[in-house]
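Here is the structure we will look at.
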Amino acid sequence: MDIRDYAKMPARFSWGGVDGEDCTTWCATYARLLTGKDPAEAFRGTYSDREGALLLIARHGSLYDLVAPILIEQGWHRVIEPRSGDMAIINAITGATEGEPVYGNIAALRFGPLWSVMSEAGPSGIADRKARLVACWRWQA
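For what it's worth, my numbering labels the leading residue of the sequence shown as 747, then goes sequentially.
Structure, rendered in C-alpha cells:
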C-alpha cells in the first residue's frame, strides 16, 4: 500500500477505530494494509471517546510507550529522518482552551513534506514547521 493511495481513501473519524478511525487507529490501518499486521489490534474497539483514548494512553505511560513496543515487535525500525510512508508520533496543536492552543502528541503518517493525521474533520495535513517530531518508524520488509 502506497501512502499516496492510502491518503486518497475515504475515511471518517470515530474514536476507537470502529466504524471509522481516530489518529492512532488510522495510522495502524495503514500499517495493516502495508504489512498485514495491525498495530492497534489489542486496543481497537476498547474505547469510544476522547476520555477513553486518554485513559488507554495513560495506562501505558504515554502514546510512545503504547505504540513503540508494538511497532518494533511488528518489524518497524526507528528512524531519525522521516520520509513518505513513515509512521510517527508528533507534537502538534490538538485543540484550544480559552483561545490558547493546546499541544499534544498524536500519531501521524509522513506524506511528502507534510504530516498526515486523522482529525475530527477527517484526514488532514500538518506542515513540518507546525509540528515537532517525537519519534518515527519505517517499515522495512
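Virtual Cβ for every residue (Gly too), placed ideally from N, Cα, C. All of these numbers come straight from a predicted model, not from anything done at the bench.
Item	Value
With H823 and R884 assumed to form a contact (beta carbons below 8 Å), what rounded beta-carbon distance in angstroms separates them?	6 Å
Where does T792 sit, in a helix, a strand or coil, going by DSSP?	coil
Which stretch, first to last residue, makes up the beta strand (DSSP E) that contains W772?	Run containing W772: none in the beta strand (DSSP E); it sits in the alpha helix (DSSP H), 769 to 781.
Going by beta-carbon coordinates alone, are F759 and M833 separated by less than 8 Å?	no
Do V813 and I835 have their C-beta atoms closer together than 8 Å?	yes
Quick one: is Y849 buried, meaning 16 or more other Cβ sit within 10 Å of its Cβ, or exposed?	exposed
Helix or strand or just coil, what does DSSP make of A877?	coil
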